[in-house]
Every structure is written in C-alpha cells, then in structure tokens.
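Structure first, commentary second.
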Amino acid sequence: MKGGSVERGEGASPRKGVTRGLSIMDFIFRIIAAVATLASALAMGTTNETLPFATQFIRFRAEFDDLPSFVFFVMANSVVCGYLVLSLILSVFHIVRSKAVNTRILLIFLDTVMLGLLTAAASASASIVYIAHHGNPKANWFAICQQYNNFCERISASLIGSYIAVALLIILILLSVVAISRN
C-alpha cells in the first residue's frame, strides 16, 4: 500500500509542474495585460488637438473628454489595470500553491467581469473611432480625422492596446480553467 501511494506521489509531480507553469504564464499575461490597459488609458486620457479656424484667436479643440464613450473607455481601462495589478497577488499565490482551487474560481469570476467591462468600453469607443474616421453621410456626421490627424491616430492606437488586453483576459480565463481541471 505504501509503495502504491509513493508511486502516485511521484506521478503527481509532473502534473504539479505543468500547473505551476500555467501559474507562471498567468502571472506574465497579467503583467502584459496591465501594461496594455495602462497604456490605453494614458494614450486616450492625454489625447487632444487644437486647430486654428479663421484667425489665431478662434480655434477648434478636440479632446477625449468631449465624448462620454472615451471617458468610459479611460475609466474602464483604469479599473481593469488596477484589478490586474491587485490580482498579481493571487497569481503569485498560485505559483506557490498550485493546488489552490477556490482562489482560481474567484479569479475566473473576476476576470470574466473585467472582460465584460473592458469589452464594453473598447466596443463603444471603437464605434466612435469608426465615425471619426469615416463619418456617416446619412446622419450628416462628418469624418473629423482629415483635420485632426494626431487625435485620431492616438485614439486608434489606444484601442489596439485595449483589445490586446481583452484577448489576454480571455487567455487568462482559459488558463485558470485548465489549471482547475488538472487538479
């Protein structure tokens, strides 16, 4: 009997190593996603451009906070970045204790909530960016990107970082599910 339990203990060692590897990948992906959301929030939050109209005294200014979708985008990316930084604590805990299941379930739930928040913010902002680039002639909305090039480049780039974070959150959820199934 003891010999059988020793063999099981030795057989569980590679499984524990794979789960630890998943935990290390989880930690790395959380850092990358936090950097992506922080960069997206900063890029969008500092976006503005001023153009002269007829004289130097009359100017048109485009700022991110002129549109509520962009404000929501900055706030959502900031919240998700804060969450990802705080979740690094649990990620380190999972590296040390690879058999922890309850905290992984908690992370799956919270990651899913953050995924929904970030997807909603990125999607709302993507629709505004599309209208800024192409306009909508039926609604008499003109494309502003022909005049505000720098503004449009920055808001488009901030969307890329946010969608990278969305993809990483999906991967994080799948990693947690695989780690739970291996226990």
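Note that the sequence shown covers residues 1 to 183 in UniProt numbering.
Every residue, glycine too, gets a C-beta built ideally from N, C-alpha and C.
Annotated as distal: Ala34 and Asn77, with beta-carbon spacing of 8 Å or more. For the beta strand (DSSP E) assignment, the uninterrupted runs of no fewer than 3 residues enclosed by the UniProt domain "Casparian strip membrane protein" (20-168) are, from N- to C-terminal side, 48-52 and 59-63. CA-CA distance, Leu22 to Leu107, rounds to 14 Å. Taking C-beta atoms as the reference points, Phe64 and Met44 count as a pair closer than 8 Å.
Three or more beta-carbon pairs separated by less than 8 Å are not found between the stretch 80-100 and the stretch 131-144, which leaves the two stretches without contact. Ala62 places its beta carbon less than 8 Å from that of Phe151.
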